[in-house]
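Undergrad: Before I ask anything, let me first share the structure, which is written out below as structure tokens.
Residue numbers (our numbering), protein chains in the order written: chain A, 89 to 397; chain B, 89 to 397.
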């Protein structure tokens, strides 16, 4: 497998905006793009970027056509997904992932976009786990914007004001960064583009999952033997997990669940790493070599995420 | 693999009652057992049947110890799970599934118990997808009780008053019955006891899943190639799926989702088969040969589910 790093962006570059998963409303799209315009970028929307059909942003064929057109478009230096939600896993029969990876375009997004990160990383392309227009349409800490713009320009340095993670299992581990939204990681198991943690640093976050489902998903990763192969585990925000206790089921804290499921695997592990759906949203390059120092609560990138501009 | 059919039950037989997943409260347990006592059975509770620890019915070691003790107990002719919820997938390191299968005991339960059905069916044991004390503690149609007691006694005949399923894809298919709760079927993928649909009739039901998650789970079964190998698909109740539309996501009807995901696979398929979590709860033997006539909306068992009493 040839590793392909996307070219870093410069102000003035054009970024494709597509909706491969759920629909984004015009107001949120406008606000999110306004934030991104501060970085000096130009945005190119595709014919179906604003489509909406219930929980999908239009038909599979249309969402896939936009995604392929964006990767094929010589005008666009990067492809930004407008929103996650749900829908990327439906696109496999309609897209050419080898061509997308070979394009060397920078892919930006997270949450449901985890599906595309896994598939493109597996084909060698480094991709960017970043906020999207919908997430930038809400108020965010200044360091969230700062980290986003830095990564687009190929600088993944983590600024001093970014909160550190907490140690769960001490130790250090090195490997390629993989992962994303827990529920999509589990949905990949058994597919050709399944999560593969062998010798890698696994990053995990999720939103709106009930406590017992978080337990079930971690147990799924354990019962398959996938997570035991990781060189390090980085747990970010588990947004609202603790609020979703079920009156008929109870609800252990997400912290308890991770400690219980992962604390005895002997893998360096941190929790509360500042990336996730809501409060903390550090931009992370996926597919690059990184070092986790679980004792210090830090992640360090061992290589540049981008080719020279 | 040697196929093992459990011995059919007779009034006066003792049934072990264990809690391998979530906790059941005393009131529900008492009411459910009262219904089951009408069948003339005696119940033996194990030391941890009433344990509760948040969403689990006590520690993994204790739940597993009760489950093994029940299968090993010569006094007990069958093992009934008090409740589903969540927890069976945590038990693999603590239980001896080969010994459980070799015991030839009848296992009864559904929902989270799907995990045990898959693992025991794979080891040759026919198991029973039936109501549990918690489900019988609520008012049910008379045919639900009738079908339950008939199956315990080895008679899986479907009474005329049981509603028929609706045709989604016409045709007939024959094969071993497998399946259960959709979310647990997906949680099995990639594990040693994964759902295997090769030449089988797959039964599916679930409760409290959002529409887009039902889509995601069916898409997971498609992206792995697992569901395409089924000889027939029987969709039961998708309890409350249509009620769980998300204001930020919308919510197609479960009927649309199944039609969209499964309607083009060319596999005989019915929906609204009368089995599931709430209104309809037909007892079904898993691991026996059956014929699905999708055009007529009927499932016929081609062999007895039990060894002679």
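For glycine and all other residues, C-beta sits at the position ideal for the given N, C-alpha and C.
Restricting to Cα atoms, I'd like to know which of B/210, B/337, B/145, B/374 is closest to residue 299 of chain B.
TA: B/337
Undergrad: With three or more C-beta pairs closer than 8 Å as the rule, is the region 261-269 of chain B touching the region 287-294 of chain B?
TA: yes
Undergrad: Quick check: is the beta carbon of residue 143 of chain B nearer than 7 Å to any beta carbon in chain A?
TA: yes
Undergrad: What span of residues does the beta strand (DSSP E) with residue 244 of chain A cover, start to end?
TA: Note, residue 244 of chain A: premise wrong, no beta strand (DSSP E); not H, not E.
Undergrad: Is residue 255 of chain B closer than 7 Å to residue 383 of chain B when the C-beta atoms are compared?
TA: yes
Undergrad: Counting only beta-carbon separations shorter than 7 Å, does residue 147 of chain B have a partner in chain A?
TA: no
Undergrad: Quick one: using the 10 Å Cβ neighbour count with 16 as the cut-off for buried, is residue 108 of chain A buried or exposed?
TA: buried
Undergrad: Let me confirm a value: residue 352 of chain A is counted as buried when at least 16 other C-beta atoms fall within 10 Å, else exposed. Which label applies?
TA: exposed
Undergrad: Checking 7 Å against the spacing of the C-beta atoms, do residue 197 of chain B and residue 220 of chain B come in under that value?
TA: yes
Undergrad: Using a Cβ-Cβ distance under 7 Å, would residue 226 of chain A count as near chain B?
TA: By this cut-off, residue 226 of chain A is not an interface position.
Undergrad: Closer than 9 Å, Cβ to Cβ, to anything on chain A: give me those residues from the region 254-282 of chain B, in chain order.
TA: Taking 9 Å as the Cβ-Cβ cut-off against chain A, the residues of the region 254-282 of chain B that qualify are 271, 272, 274, 275, 276, 277, 278, 279, 280, 281, 282.
Undergrad: Output, in chain order, the set of chain B residues within a Cβ distance shorter than 7 Å of residue 304 of chain A.
TA: 174, 177, 275
Undergrad: Residues of chain B with a CB under 8 Å from the CB of residue 307 of chain A: which are they?
TA: 177, 178, 275
Undergrad: Please classify residue 339 of chain A: does DSSP put it in a helix, a strand, or coil?
TA: coil
Undergrad: DSSP has residue 381 of chain B in a bridge; who is on the other side?
TA: B/260, B/386
Undergrad: Provide the residue(s) that pair with residue 164 of chain B in DSSP beta bridges, ordered along the chain.
TA: B/102
Undergrad: Whose C-beta lies closer than 8 Å to the C-beta of residue 239 of chain A among residues of the same chain, with five residues either side of it excluded?
TA: 216, 218, 371, 372, 373, 393
Undergrad: Between residue 205 of chain A and chain B, is the shortest Cβ-Cβ distance under 7 Å, so that the two count as touching?
TA: no
Undergrad: Is there contact between the region 109-126 of chain B and the region 134-146 of chain B, where contact requires at least three CB pairs shorter than 8 Å?
TA: yes
Undergrad: Please report the residue range of the alpha helix (DSSP H) in which residue 117 of chain A lies.
TA: Annotation for residue 117 of chain A: the continuous alpha helix (DSSP H) segment containing it runs 114-125.
Undergrad: Output, in sequence order along the chain, the residues in the region 337-360 of chain B whose CB is closer than 8 Å to any CB in chain A.
TA: Those would be 337, 338, 339, 340, in chain order.
Undergrad: Count the other CB atoms within 10 Å of the CB of residue 226 of chain A; is the residue buried (16 or more) or exposed (fewer)?
TA: exposed
Undergrad: Under 7 Å, do residue 174 of chain A and residue 189 of chain B count as touching if we go by C-beta distance?
TA: no
Undergrad: For a minimum of 4 consecutive residues, which ranges assigned as the alpha helix (DSSP H) are wholly contained in the region 263-303 of chain A?
TA: For secondary structure counted as the alpha helix (DSSP H) over 4 or more consecutive residues, the region 263-303 of chain A holds these complete runs in sequence order: 270-275.
Undergrad: Could you pull the DSSP bridge partners for residue 130 of chain A from this structure?
TA: According to DSSP, residue pairing for residue 130 of chain A in a beta bridge involves A/102.
Undergrad: For the beta strand (DSSP E) that contains residue 322 of chain A, what are its first and last residues?
TA: 320-327
Undergrad: Within a Cβ cutoff of 7 Å, which residues of the same chain sit near residue 234 of chain A, ignoring the five residues on either side of it in sequence?
TA: 247
Undergrad: Please state whether DSSP places residue 150 of chain B in a helix, a strand or coil.
TA: helix
Undergrad: Do residue 104 of chain A and residue 167 of chain A have their beta-carbon atoms positioned less than 7 Å apart in this structure?
TA: Yes, the Cβ-Cβ distance between residue 167 of chain A and residue 104 of chain A is below 7 Å.
Undergrad: Can you find a C-beta in chain B that's less than 7 Å from the C-beta of residue 311 of chain A?
TA: yes
Undergrad: Pick from A/310, A/326, A/330: whose alpha carbon is nearest that of residue 199 of chain A?
TA: A/326
Undergrad: For residue 357 of chain B and residue 323 of chain B, which I take to be in contact (beta-carbon distance under 8 Å), what is that distance rounded to the nearest angstrom?
TA: Indeed they touch by this definition, with Cβ atoms about 7 Å apart.
Undergrad: Mind checking if residue 300 of chain B is an interface residue toward chain A, Cβ cutoff 7 Å exclusive?
TA: yes
Undergrad: Tell me whether residue 187 of chain B is buried or exposed, calling it buried when 16 or more other Cβ atoms sit within 10 Å of its Cβ.
TA: With a 10 Å radius around the Cβ and a threshold of 16 neighbouring Cβ atoms, residue 187 of chain B comes out exposed.
Undergrad: Distance check for residue 387 of chain A and residue 244 of chain A, CA to CA, integer angstroms please.
TA: Their backbone Cα atoms lie some 11 Å apart in a straight line.
Undergrad: Under 8 Å Cβ to Cβ from residue 391 of chain A, same chain only, skipping five residues before and after it: list those, please.
TA: 376, 377
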